[in-house]
Amino acid sequence: MVSMLQLGIFLTMSMSHALSLLDPGMGYYMFYAPRYFTPEDGLNITVILYENYGSMNVTVTLKDGDKDLKTISQQTHESQQAVFMKMNTEGLAIKRYKLHINFGAELEVNCGYNSMRYILTDKNVYKPGDTVKFRVLNLFRNYTGRNDPMKAYIRDANKNLLSEMQLTAENGVSANEFQISSRPVLGKWTIEVEQDEFSEKKSIKVKEYVLPKVEVTVKVPKHIFHLNKKSFKGRILTVTVKARYTQGKPVSGTAKLYIRGNCLRNNSFSQKIKGETTFNIDLGTVAIFGSRCGNFKINASVVNDLDKKVYYADLVTTSLTDSPIEVVSGNSDYLYKPNTMLKYKLYVKRVDGQPLTDEDRKDTLKISIDDVDFSYNTSSEIPENGIVEFAFTPPNRRSLRARVIFSGEYEAEKYLMLRTVYLSYRYPRGGHILTRMDDETSKPEFLLTFPHRVTSFFFTVVSCSRVFISKHVKQDAAKSATISFDTSGMIRKAHIVVGYGLEERLIETSSVSIDVKGPTGVSLNATFKESLVKPGHEAELVIQSNPNTTAFVAAVDKSVLLLSKKTDSISEMIFNGMIHKQIYPSHSSWGFNSLEEFYQLGIAVYADENIVYEMMVAESFKPRGKIAKAPKLRTNFQETWIWDTIDTGSTGMASLAKTAPDTITTWVTTLFGMHPSEGFIPYNQEVELTTFQDFYISLGIPYSIVRGELFELNVYVFNYIPKNETVTVQLMNSNKTVKEEKTINMTADQTEVAVAFRMEPNEIGKVPVMVYASISNHTDAVQRYLNVIAEGSTHEMSQPLSVNVSLEEPFTELVEIKYPPKVVEGSEVVSVSVICDIMGPVLSGLDRLIRFPTGCGEQTMLSLYPNVLVFMYLEARDRLSPSTSLQLEKNTIGGYQNELTYQHKDGSFSAFGDRDESGSTWLTAYVIKCFCKAKHQMKGVTIDSKVIEKAVSWLLERQQKDGSFKEVGNVIHKDMQGGTSSGVTLTAFVAISLLQCQEVNAVNVTDSLKGTAEYLRSWVNNRRAKDAYSLSVVLTAFALLKDGGYFNRVNKQLLSLATKKDDKMYWASSPSKSVEMAAYALLAYSYKHKMEESIPVRNYLVSQRNSHGGFRSTQDTVMGLEALTQYALLFSQNDSAVDVKIETNEGTEYSLKLSLTKTQPFFIRKIFLQAQRI
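According to mature numbering (1 follows the signal peptide of the UniProt record, and there is no 0), the residues represented by the sequence shown are -18 to -1, 1 to 1156, in order.
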């Protein structure tokens, strides 16, 4: 077990580092430390000194900005070339710091918990109304659990934030759940978990579905062996198709094959199947041989005779080969040391993956090397395991070419190019090589070879978050060296990093990773006492592990895995790196630049949702005919059966007894364990249990039907008792009386039949469907629910209300719900959404707004500016999380760099830069506004002031004598300009941009702005047309010009043109222009702090937003976002509690308690009112 003290050191392999000369004549050094460490770790610091001619003091200081926090120093002696120091970091806050060495270099290091989080859901796909259960596995890199708090965010397919949760963990695992509404947004949802400055996401699907009950698999040989070089004649492709119900019984129907390949003449085949069938396809009759023939891709499907549905298998591939035998190199490299014995392994294998036969092994494997003055020839019999070893002493050559021949009935040939380690270079300018010399023992030995003689080198060995070895080695000048070390205690992989000094005063490093034994002393096993039980009966799962192990168990209906394909197991992904991030540091002549096998752990899990349907017990039900006993009504058809945590206690043994659901299926059980000291315990198998009975029925119910729609309810009868029987099937009324009865005869060799009933539901909602069936001595009864939906199309309306939660008196409002004409009776659904922030609908869908800016100069700005506005708002509200901040800054930096490619040499901007004849007045002003806000509001973004100043100068040079501005270029995306493309609105728009930018102080714009102000005043004095749009833009300009007199004049004129309705005020025009005018007016009122005018305009803007927080067009969405952001910044938002009570005219009451805190900034809560008519 690896202690907390060692965790941060793992990132020694991803170092911060620096190289610099000391004082002239004293030499040079390398300074490195982990980039990430925890407060408990301590900070391991290494300084490598070269050409040091005397003793010196090495001092390293940890700094937070300009403040010195901790200092550590060491005095070196004259011959010392390596300094290893450890700094105590207990009590440090989680943030970024700098390490300063007294020689002058600085490194950036990060104090944080270097762990990985994995989100495990009970299913990958959900229906409306389901509850999503999830766990978060939080592991340090030594696989032990981390228990620090996390936040979880749930977003729907439109990126709307639906829920924010605070997660607490025990033994590294936290769990929670959330409810999907009955009418959700369908599509891909995300669960995001955030901790420190990192976040992980998992996607789930929300869709309407009916679970499949048939599994189809297809098996083909991995390779098709053919010897004939001219034809496929006689070459048979064997394809086996299997079709079984999820309870394991065979399916009868028609199997179809579809083969795709470049040389096929016929690619479709079909034949009958009963559980399994084999296709033997003569490729000579369906394919034309040629060089274009490579792989064949095979799709298989089965049409079930019972329900007539088509079920598909996964795509499989087979490839062509001209030999059934292949020879594979067993060495990880092809390097040798001249005049030193070389041991080499070759693997002889069958291409179909089968063991070698005696016939395969009767011939020999021959190896030959022929070179100038050197020859080596040998042959070897092939052992049962197919591993052939040979050894020889190679000469001092740059390379050797070895020919390997398997000379059996079907010849296989391979060429190996062996290279000397002395003449191999890992990097163009030189390098060194690590060659393993031992036979994969627990004490590996490496030969180090250098391109020139070295007198010293250093090496570090890291495994699973722990630095096991860190040494500086001196030797007589030589071009090689040998190192060895003990791997005891290392887990899975060991990483060896070696560095040395070059003559040109540079440090060169190389690395290699080797496999070592996994964790020992921990195990986990699980089994059901019985592998088959009847539905609704108890099953017992027995778990055995180390004492005090916590097992996390999930059991899911196999049908769910058919609907949403299974991913790899948790254990496989963690230990084998199925999902990982490889870190390749940039090439550096003084740092660690070849860390090619540094893995971060990763995971994807499938599981299942637990749906328990309402039970209806048919107490008065009396079926017709002679029956041995009353039937048990099967009602529990949940998709996830087990989602439990089990503690093995002091004995290491535990059992879980649970009643199995009523579904006839196979339950696939997966689990993993967490131990307090050993951490994560894998279990790589699946444990299956089948719930089954010899006679049963299944209802073919669709996901939903429209009210009044006539449909056939198919009742599928399964009888695995080999006896002639008469089956009675009864469809029941809701009052448990028989509605309709049918009988059908089944012969002894029949296992399944279908019986159909016609239904025409007239009620909306979940309608119970109960069916009873019987044969002699056996009965079954099933109740499922039919989802009946309203006819017609969906129409949504909203009525916003603004509430001042700071008032002492309760807020009460009577809301009249008005339904549109011709509404379908019974289809009405009323919901109440409580939004704790005016920007809630916008910010709850941050992923929709936070996009990386791409495209031309105009498209880039459309995506860039919202990133800046969102950052400004969140930072002002103290709501900016580290991960969101990093993402916004990254997007802004990328957008800034992209936009610069569309800057003209004169400083202006246009859609395509220098390819356009001229820069655009409007776009240049837009860029100035955006760049200025990003520069001064986003500390992590660097924007060159000269870029802004040059653009401002370009604008001023094109100002007209009367103070106005004209468009001298062209804007392609006209809609992004709104109504500001020309005339007084363009002049006001340019003025607004310049007045919001501090960089104008560096360019003398005072006289220019005076001229612009005079132009705008003249326009007001001479204005006759009632142009509300122009007035709204000019009003904003006067607000920023701080011209109170003309602001009031324009405002009076603008108010005279306003439409006032209820608590809203707006200016009538097209929908987009009305929003733009309201946005400019709200912006102006916010700058002037005019609350009386701003509130009704705000109410109008809020009422015009769509469900995603945006408006109708590009420009009105950006303007609306800018105006609402500026308005929201005027108000403080303190933590408070709000009680919401809703009462309908039917007397039904609902209540909701909300806490408005900084941890829940734009949380939206929605509740659905159950009354059909309110």
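From the three backbone atoms N, C-alpha and C, an ideal C-beta is built for every residue, glycine too.
Subject >> Straight-line Cα distance separating Pro337 from Ala151 >> reply: Between the alpha carbons of Ala151 and Pro337 lies a gap of roughly 48 Å.
**OP:** Take Glu1125 and list the residues in its own chain whose beta-carbon comes closer than 6 Å to its own, dropping the five residues that flank it on each side.
**Re:** Glu1131
**OP:** Hey, could you find the ends of the alpha helix (DSSP H) Ala916 is sitting in?
**Re:** It spans Thr903 to Gln919 - the alpha helix (DSSP H) in which Ala916 sits, taken as one unbroken run.
Original post:
Could you give the residue range of the alpha helix (DSSP H) that holds Arg1005?
Top reply: Where Arg1005 is concerned, there is no enclosing alpha helix (DSSP H), given that its DSSP letter is neither H nor E.
**OP:** Would you check if the region 695 to 705 and the region 253 to 272 touch, i.e. whether three or more CB-CB distances between them fall below 8 Å?
**Re:** Output reads no: the region 695 to 705 does not touch the region 253 to 272.
Original post:
Taking just the CA atoms, how far does Leu523 sit from Thr652?
Top reply: 12 Å
**OP:** Answer yes or no: do Asp762 and Tyr665 have a C-beta to C-beta separation smaller than 7 Å?
**Re:** no
Original post:
For Lys1123, which option in Leu796, Ile136, Val669 and Val764 has the closest C-alpha, if you only look at C-alpha atoms?
Top reply: Leu796
Subject >> Residues sharing a beta bridge with Tyr397, DSSP >> reply: In the DSSP secondary-structure assignment, Tyr397 is bridged to Arg385.
Subject >> Met920 versus Pro864: straight-line alpha-carbon distance, rounded >> reply: 13 Å
**OP:** Evaluate Pro1053 with the Cβ neighbour count: other Cβ atoms within 10 Å of its Cβ, from every protein chain shown; 16 or more gives buried, anything less gives exposed.
**Re:** exposed
**OP:** Report the rounded CA-to-CA distance for Val29 versus Asn70, giving the unit in angstroms.
**Re:** Here the C-alpha atom of Val29 lies approximately 17 Å from the C-alpha atom of Asn70.
**OP:** Would you kindly work out how many angstroms separate the C-alpha atoms of Gly479 and Thr641, rounded to a whole number?
**Re:** One point to set straight first is that residue 479 is Val, not Gly, in the sequence displayed. Each residue's Cα considered, the two are about 55 Å apart.
**OP:** Answer yes or no: do Gly839 and Ala907 have a C-beta to C-beta separation smaller than 7 Å?
**Re:** No, these two residues do not count as a Cβ contact at 7 Å.
**OP:** Using the Cα positions of Phe580 and Ala476, report the straight-line distance between them to the nearest angstrom.
**Re:** Because Phe580 sits at a pLDDT of 25, beneath the cut-off of 50, its placement in the model cannot be relied upon, and the point is left open.
Subject >> For Gln57: DSSP bridge partner residues >> reply: In the DSSP output, where bridge partners are listed per residue, Gln57 has Asn39.
Original post:
Does DSSP put Pro166 in a helix, in a strand, or in coil?
Top reply: coil
Subject >> Span of the beta strand (DSSP E) around Pro750 >> reply: From DSSP, the beta strand (DSSP E) with Pro750 extends over Gly747 to Ile757.
**OP:** Indicate the three-state DSSP secondary structure (helix, strand or coil) for Thr842 in the structure shown.
**Re:** helix
Original post:
Around the Cβ of Glu1058, are there at least 16 other Cβ atoms within 10 angstroms (buried) or fewer (exposed)?
Top reply: buried
Original post:
Is the number of C-beta pairs between the region 154 to 165 and the region 189 to 197 that are closer than 8 Å three or more?
Top reply: no
Original post:
Since Thr874 and Leu846 are thought to touch, with beta carbons under 8 Å apart, how far apart are those beta carbons, to the nearest angstrom?
Top reply: 7 Å
**OP:** Quick one: measure Cβ to Cβ for Val268 and Leu246, integer angstroms, because I've assumed they're closer than 8 Å.
**Re:** 6 Å
Original post:
Per DSSP, which one or two residues make a beta bridge with residue 1157?
Top reply: Beyond the ends of the chain as shown, which are -18 and 1156, falls residue 1157; an answer cannot be given.
Subject >> Residue range of the beta strand (DSSP E) that includes Met635 >> reply: Met635 to Thr641
**OP:** Using a threshold of 7 Å, state whether the C-beta atoms of Gly837 and Val806 are closer than that.
**Re:** no
Original post:
Any idea what DSSP makes of Val1084, helix, strand or coil?
Top reply: Three-state result, Val1084: helix.
**OP:** State yes or no: is the beta carbon of Ser990 nearer than 7 Å to at least one beta carbon in chain B?
**Re:** No chain B appears in this structure, which consists of one protein chain only.
**OP:** Starting from Thr113, follow its DSSP beta bridges and name the residues at the other end.
**Re:** Gln161
**OP:** Determine which residues share a DSSP beta bridge with Pro232 and list them.
**Re:** Arg226
**OP:** Quickly, what does DSSP pair Lys327 with across the bridge? List them, please.
**Re:** Among the bridge pairs identified by DSSP, Lys327 is matched with Glu371.
**OP:** Just mark residue 1166 as buried or exposed, buried being the case when its beta carbon has 16 or more other beta carbons within 10 Å.
**Re:** In the structure as shown, the chain starts at -18 and stops at 1156, and residue 1166 therefore has no counterpart that could be examined.
Original post:
Quick one: what does DSSP say Gly1102 is sitting in, helix, strand or coil?
Top reply: helix
Original post:
Excluding the five sequence neighbours on either side, which residues of its own chain have a C-beta within less than 8 Å of the C-beta of Val923, listed in chain order?
Top reply: Its chain contains Glu871, Thr874, Ile875, Tyr878, Ala916 and Lys917 as the residues whose beta carbon lies nearer than 8 Å to that of Val923, once the 5 sequence neighbours on both sides are disregarded; these appear in chain order.
**OP:** Would you mind stating whether Lys344 and Ser361 have Cβ atoms separated by less than 7 Å?
**Re:** no
Original post:
Between the Cα of Lys331 and the Cα atoms of Asp340, Val309 and Leu51, which residue gives the shortest distance?
Top reply: Val309
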